[in-house]
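Peer 1:
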Amino acid sequence: MIEISHITRKFEHFTAVDDLSFSVAEGEVLGFLGPNGAGKSTTMKIITGFLAPSSGRVSIDGHDIAENPMSAKALIGYLPEGAPSYPDMSVISFLEFIADIRGLSGAQKQQRIEKVINDVELSSVCHQTIETLSKGFKRRVGLAQAILHDPKVLILDEPTDGLDPNQKHQVRNLIRNLAKDKIVIVSTHILEEVSAVCTRAIIINKGRIVADAAPAELEAAAPAEFIIESQASPGKLEAFFRSVTTAGAQ
Amino acid sequence: MGKTGIIFKRELYAYFSTPLAYVFIVIFLVMNGIFTFDLGGFFIRGQADLQPFFSFHPWLYLFMIPALAMGLWADERKSGTIELLMTLPIRLRDAVLGKFLAAWVLSGIALLLTFPIWMTVNYLGSPDNGVILAAYIGSWLMAGGFLAIGSCMSALTRNAVIAFILTVAICFVFVSSGSPIVLNAFSGWAPQILLDAIATLSFLTHFDAINKGVLDIRDLLFFAAVITAWLLASAIVIEIKKAN
């Protein structure tokens, strides 16, 4: 259970997050939506303990992130915006470094590293330095480090940004499979992704929550005058894209 | 292995997985050779000691160490990896100390690789090896002082070049604070006690004492205090600036 109560974060000239409160329970996949600059990333930085809020509290499974940062952070796997990683390390040594920090060792360490390399399909680039990888691979390295210690709480800031439709599909499947007994928060501005993986969506604007419901309920609540019948449905277009570009397509 | 050790290992590995470590070591050795034999007149002096070798170290470090330190935090901020690092279950002091130690050990490796000069002087005469050992320790401590300043300056900015320039400037003040260049700026209006205080902050004064073979606990404490103070300042700066 993550509990966020009344967090506010002020920067010099504006308030990025304005009195935000919500909680997320086990098994929920929360889609965190909003226009650019709405405060999505700032909120995630506060939840993960990177930024301190100007006021308010965050509790991860009973551990206050400000008072008990070590035990709270140990529960979280986090993919920061842009999936930063150390460019001069090889994929495998980067994952070993994260495993060491996460306190994994011996057979368990090897087994977890092998598993995440499999899960996000990194085996072909294992020994390459990260700076030589494409954007999609870098993103997957970021995902791999986030799920390496099988965290209870997974916080992903735009996990599918920069991926091609096949990879997006794969990452969404991965998130769905991971989600069973975990708490997942995913930020995105790709709306179809929310319907695809999330059990709940929160839309924030100017640092405040403007909607909080299941994706289907939000769809049902859309006012008629905003609905535009598009000539090509993006969902179908994506299905077609995957059917012609995935090797051995079904 | 503690968290500090894990960070230390990664940082040291990073130095050696890029050309940085090798370039640093080679240039350090070449410059040492030029300073000692050419400018220092190692042979002409006809004395079996390493004074000409060590007496250039403050000036050599003034430009070499900031190059080593400039990326410590600036690069983390620039690439965004600071967010990754700071959301891992480590304490800030693990990161500050691990990074500093990696750079310090690299400068120690470069210093140890000057051993041919020690062999040379032992071949040519019979120097006081105790004095030489003290000077090596003093030189490494001074490198630590420069690095701790560099760590703090690197935390101030996301631009490594700015960090380099700031570090050179601050280190220059610390090296030369016992000399007229700095003291003249204060004499006339500042009380004598402040002048004395500034003069005692000089790296040169403390290093020269050690270099002469006087391993005074006060000189060692001075460098330990400089390192501690600047690393603490680094931690504070990182905490304040990481959000920007």
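From first to last, the protein sequence lines are chains E and R. The numbering of the first sequence is the working numbering, which starts it at 86 and goes up by one. The numbering of the second sequence is the working numbering, which starts it at 53 and goes up by one. Glycine included, every Cβ here is placed at the ideal spot set by N, Cα and C. Note that the coordinates shown come from a computational prediction; the quantities given were computed from them, not determined experimentally.
#1: Measuring CB to CB, does R:S231 end up less than 9 Å from R:S203?
#2: Under 8 Å, with one C-beta from each stretch per pair, do the region 116 to 124 of chain R and the region 196 to 214 of chain R reach the 3-pair mark?
#3: For the region 172 to 181 of chain R against the region 235 to 250 of chain R, do three or more pairs of beta-carbon atoms, one drawn from each stretch, fall closer than 8 Å, so that the two count as touching?
#4: Any C-beta of chain R sitting closer than 9 Å to the C-beta of E:Q193?
#5: Could you compute how far the alpha carbon of R:M116 sits from the alpha carbon of R:A195?
#6: Give me the Cα-Cα distance between E:E199 and E:A184, rounded to the nearest whole angstrom.
#7: Cβ of E:R224 within 9 Å of Cβ of E:P244?
#8: Inspect the CB distances between the region 56 to 71 of chain R and the region 83 to 99 of chain R and report whether three or more fall short of 8 Å.
#9: Could you say if the region 231 to 241 of chain E and the region 155 to 171 of chain E meet the contact criterion of at least three C-beta pairs nearer than 8 Å?
#10: I'd like to confirm the pairing. Which residues does DSSP put opposite R:T56 in its beta bridges?
#11: Please report the straight-line C-alpha distance between E:S328 and E:K267, rounded to a whole angstrom.
#12: Kindly identify the DSSP beta-bridge partner or partners of E:N290.
#13: In this structure, what does DSSP give as the bridge partners for E:T100?
#14: Mind pulling the chain E residues with CB within less than 8 Å of R:R62?
#15: Using DSSP with H/G/I as helix, E/B as strand and the rest coil, what is R:A66?
#16: Checking contacts by CB at 9 Å: is E:A123 closer than that to chain R?
#17: Hey, out of E:A157, E:T284, E:G124, whose CA is closest to E:A110's CA?
#18: Is there a Cβ from chain E that is less than 9 Å from the Cβ of R:T133?
#19: Please return the same chain residues whose Cβ sits closer than 6 Å to the Cβ of E:G292, not counting the five positions on each side in sequence.
#20: Can you find the residues in the same chain that come closer than 7 Å, C-beta to C-beta, to R:S131, ignoring five residues on each side of it along the sequence?
#21: Would E:Q335 count as contacting chain R if we go by Cβ distances under 9 Å?
#22: Which value, in whole angstroms, describes the spacing of the CA atoms of R:G177 and R:I233?
#23: Going straight from the alpha carbon of R:I59 to that of R:L153, what length do you get?
#24: Nearest to E:I186 by alpha carbon, out of R:L235, R:K61, R:A277?
#25: Once the 5 residues before and after R:L81 are set aside, which same chain residues still bring their CB inside 8 Å of it?
#26: Is E:G247 close to chain R? Criterion is C-beta to C-beta, closer than 9 Å.
#27: Contact check, E:A137 vs E:A151 under 8 Å by CB: the rounded distance?
#28: Using the rule of at least 16 other Cβ atoms within 10 Å of the residue's Cβ for burial, across every protein chain shown, is R:Q244 buried or exposed?
#29: Check each candidate in E:A306, E:S209, E:P154, E:L263 and name the one with the smallest Cα separation from E:E113.
#30: Does any residue of chain E bring its CB to less than 9 Å from the CB of R:K151?
#31: Please classify R:F95 as buried or exposed, where buried requires at least 16 neighbouring CB atoms within 10 angstroms.
#32: Check whether the region 262 to 277 of chain R and the region 186 to 195 of chain R touch, using three or more Cβ-Cβ pairs below 8 Å as the test.
#33: Work out the CA separation of R:I142 and R:A55 for me, nearest whole Å.
#34: Secondary structure at E:S272, three-state DSSP: helix, strand or coil?
#35: When burial is assigned at 16 or more other CB atoms within 10 Å of the CB, is E:G208 buried or exposed?
#36: Starting from E:V238, trace the beta strand (DSSP E) both ways and give me its first and last residue.
Peer 2: In short, the structure shows the following:
#1: no
#2: yes
#3: no
#4: no
#5: 10 Å
#6: 12 Å
#7: yes
#8: With a cut-off of 8 Å, the region 83 to 99 of chain R and the region 56 to 71 of chain R do not count as touching, because too few Cβ pairs lie within range.
#9: yes
#10: None, per the DSSP bridge assignment.
#11: 31 Å
#12: Paired residues: E:R293.
#13: E:K95
#14: Y171, M174, F182
#15: helix
#16: no
#17: E:T284
#18: yes
#19: T100, A101, V102, D103, G124
#20: none
#21: Because the pLDDT at E:Q335 is just 44, under 50, the model does not fix this residue reliably, and the value given afterwards should be weighed accordingly. Chain R contact via Cβ: absent.
#22: 38 Å
#23: 9 Å
#24: R:K61
#25: A162, L165, T166
#26: no
#27: Right, their Cβ atoms sit about 7 Å apart.
#28: exposed
#29: E:L263
#30: no
#31: exposed
#32: yes
#33: Position check: residue 55 of chain R holds Lys in this sequence, whereas Ala was assumed. For R:K55 and R:I142, the distance between alpha carbons rounds to 7 Å.
#34: strand
#35: Note that residue 208 of chain E corresponds to Ser in the displayed sequence, not to Gly. It is exposed - the Cβ of E:S208 has fewer than 16 other Cβ atoms within 10 Å.
#36: 238 to 242
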